[in-house]
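Colleague: The following block contains the structure, expressed as structure tokens.
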DNA sequence: CTGATGTGCAACTGCAGAGTTGCACTTCGG
DNA sequence: CCGAAGTGCAACTCTGCAGTTGCACATCAG
């Protein structure tokens with residue numbers, strides 16, 4: 022499978038970025054957190070945990086995962102830590118998908134020419 | 022967090038689909054498999070495992086995960102089982118991302134109006 | 001038929017993620 | 001200064017996934 026193969030010619034974001042990014046998005050709780058932060062604005066871990074079924078610590082871990090993926094950023098305000106969404110990495114995900122789908126299209130095109 | 026909250030008004034694909042989809046894409050080996058199937062065309066698990074460091078069984082499991090996410094389909098040819106890419110689900114992922122990024126844009130717009 | 005090739009199934013190990021609990025530390029309000 | 005609110009850190013359990021191995025079953029070529 023030629024792992025560590027080449028990444029021949031394109032601004033591939035070190036693959037690891039895609040791992041951590043897709044991995045962060047794979048959890049429904051994390052997507053909910055992102056959506057809530059988007060609709061309700063920046064919030065603290067305690068606030069996010071308040072209504073829900075999760076412990077504050079559990080929420081904190083999710084926030085750290087999301088931040089590790091570059092999807093969140095935090096800033097202190099006194100004793101509070103507010104998290105906000107930084108959706109730039111999503112462009113990375115879309116790039117991979119578009120590139121992949123593009124290869125598929127090209128393949129389809131080739132097949133169409135041959136089999137027609 | 023109000024899990025099972027609302028999914029207010031949009032053809033959201035049951036959330037579970039996003040789980041399994043993003044989860045499938047989160048593994049670099051699986052992405053490599055998809056890319057290879059796209060560039061080299063349909064192949065069997067044995068063929069995919071041949072050059073690489075993974076066992077055939079490991080590859081089979083990855084193929085099953087990808088197929089479970091709707092990204093692959095298989096067809097028998099005698100004693101062989103060939104897998105091919107079916108990238109339609111990728112549109113689902115892009116939809117979620119675009120919707121999410123869209124919310125962010127709207128939020129930005131709101132903030133711009135208020136703070137300006 | 002027989003061996004070789006290709007799959008399928010099941011059990012097992014190892015490890016990382018999700019979530020919890022308990023406690024210490026910092027900061028704000030009165 | 002003192003209590004309350006908010007965070008941070010660490011240990012612990014539990015479950016699921018990745019990967020392996022071993023073996024049985026199906027299929028093709030000679």
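Residue numbers (the working numbering), protein chains in the order written: chain A, 22 to 137; chain B, 22 to 137. Note that the Cβ used here is the ideal one computed from N, Cα and C, for glycine as well. In this text, all values refer to a predicted model and were calculated from it rather than measured experimentally.
Please go through the stretch 53 to 118 of chain B and give each complete alpha helix (DSSP H) segment of 4 or more residues, from N-terminal end onward.
Modeller: Here the runs fully enclosed are 66 to 72 and 77 to 89.
Colleague: Say whether chain B places a C-beta atom closer than 7 Å to the C-beta of residue 133 (chain A).
Modeller: As a first step, residue 133 (chain A) must be located in the first chain, where it is residue number 112. Cβ-Cβ to chain B under 7 Å: no for residue 133 (chain A).
Colleague: Could you check how far apart the C-beta atoms of residue 92 (chain A) and residue 105 (chain A) are, in whole angstroms? I think they sit under 8 Å.
Modeller: Against the first chain, residue 92 (chain A) aligns to sequence position 71. Against the first chain, residue 105 (chain A) aligns to sequence position 84. Incorrect: roughly 10 Å between the Cβ atoms, too far for contact.
Colleague: Of the choices A:134, A:52, A:125 and A:135, whose alpha-carbon is the least far from that of residue 63 (chain B)?
Modeller: Along the second chain, one-based indexing puts residue 63 (chain B) at 42. The candidate whose alpha carbon is nearest that of residue 63 (chain B) is A:125.
Colleague: From residue 80 (chain B) to residue 55 (chain B), what does the alpha carbon distance come to, in whole angstroms?
Modeller: Stepping through the second chain from its first residue, residue 80 (chain B) is reached at position 59. Stepping through the second chain from its first residue, residue 55 (chain B) is reached at position 34. So the two alpha carbons sit approximately 12 Å from each other.
Colleague: Just checking: is the beta-carbon of residue 94 (chain A) within a distance shorter than 7 Å of some beta-carbon in chain B?
Modeller: The count along the first chain starts at 1 and reaches residue 94 (chain A) at position 73. With 7 Å as the cut-off, residue 94 (chain A) does not count as an interface residue toward chain B.
Colleague: For residue 122 (chain A) and chain B, any beta-carbon pair shorter than 7 Å?
Modeller: Sequence index remark: in the first chain, residue 122 (chain A) carries index 101 (1-based). Taking Cβ atoms only, chain B reaches closer than 7 Å to residue 122 (chain A), which makes this a yes.
Colleague: Chain A partners of residue 114 (chain B), CB-CB under 7 Å?
Modeller: Against the second chain, residue 114 (chain B) aligns to sequence position 93. Ordered by position in chain A, the residues that pass the 7 Å Cβ test against residue 114 (chain B) are 118.
Colleague: Check each candidate in A:69, A:65, A:115 and A:59 and name the one with the smallest Cα separation from residue 38 (chain A).
Modeller: As a first step, residue 38 (chain A) is located in the first chain; it is residue number 17 there, counting from the start. Here the closest residue by C-alpha is A:115.
Colleague: Would you list, in chain order, the members of the stretch 39 to 51 of chain B that have their beta-carbon closer than 9 Å to a beta-carbon of chain A?
Modeller: Answer in chain order: 39, 40, 41, 42, 43, 44, 45, 46, 47, 48, 49 and 50.
Colleague: If I'm right that residue 122 (chain B) touches residue 84 (chain A) with Cβ under 8 Å, what's the distance once you round it to whole angstroms?
Modeller: In the second chain, the residue the question calls residue 122 (chain B) occupies position 101. In the first chain, the residue the question calls residue 84 (chain A) occupies position 63. With a Cβ gap of about 19 Å, residue 122 (chain B) and residue 84 (chain A) do not count as contacting.
Colleague: Please report how far the alpha carbon of residue 67 (chain A) lies from the alpha carbon of residue 69 (chain B), in whole angstroms.
Modeller: The count along the first chain starts at 1 and reaches residue 67 (chain A) at position 46. The count along the second chain starts at 1 and reaches residue 69 (chain B) at position 48. Their Cα atoms are separated by approximately 47 Å.
Colleague: State the Cα-Cα distance for the pair residue 51 (chain B) and residue 71 (chain A), rounded to the nearest angstrom.
Modeller: Translated into the one-based positions of the second chain, residue 51 (chain B) becomes position 30. Translated into the one-based positions of the first chain, residue 71 (chain A) becomes position 50. Near 37 Å, if we compare the C-alpha coordinates of residue 71 (chain A) and residue 51 (chain B).
Colleague: Can you tell me the Cβ-Cβ gap for residue 42 (chain B) and residue 113 (chain B), rounded? I've got them flagged as a contact below 8 Å.
Modeller: Along the second chain, read from residue 1 onward, the residue named residue 42 (chain B) stands at position 21. Along the second chain, read from residue 1 onward, the residue named residue 113 (chain B) stands at position 92. Rounded, the Cβ-Cβ distance is 6 Å, consistent with contact.
Colleague: Considering only the beta carbon of each residue, do residue 103 (chain B) and residue 109 (chain B) sit closer than 7 Å?
Modeller: Here residue 103 (chain B) is taken as the residue at index 82 of the second chain, counted from 1. Here residue 109 (chain B) is taken as the residue at index 88 of the second chain, counted from 1. Contact: no.
Colleague: State yes or no: is the beta carbon of residue 84 (chain B) nearer than 7 Å to at least one beta carbon in chain A?
Modeller: The sequence position of residue 84 (chain B) within the second chain is 63, counting from 1. Chain A contact via Cβ: absent.
Colleague: How many angstroms separate the CA atom of residue 98 (chain B) from the CA atom of residue 45 (chain A)?
Modeller: Translated into positions along the second chain, residue 98 (chain B) becomes position 77. Translated into positions along the first chain, residue 45 (chain A) becomes position 24. Each residue's alpha carbon lies about 38 Å from the other.
Colleague: Cβ closer than 7 Å: which chain A residues qualify as neighbours of residue 60 (chain B)?
Modeller: Taking the second chain and counting its residues from 1, one reaches residue 60 (chain B) at position 39. Here the neighbours are 124.
Colleague: Note down the Cα distance separating residue 118 (chain B) from residue 86 (chain A), rounded to an integer number of angstroms.
Modeller: Numbered from 1 along the second chain, position 97 holds the residue referred to as residue 118 (chain B). Numbered from 1 along the first chain, position 65 holds the residue referred to as residue 86 (chain A). Taking the straight line joining both Cα atoms gives about 18 Å.
Colleague: Buried or exposed: residue 59 (chain B), going by 16 or more other Cβ atoms within 10 Å of its Cβ?
Modeller: Position 38 of the second chain, counted from the first residue, corresponds to residue 59 (chain B). Per the 10 Å Cβ criterion, buried.
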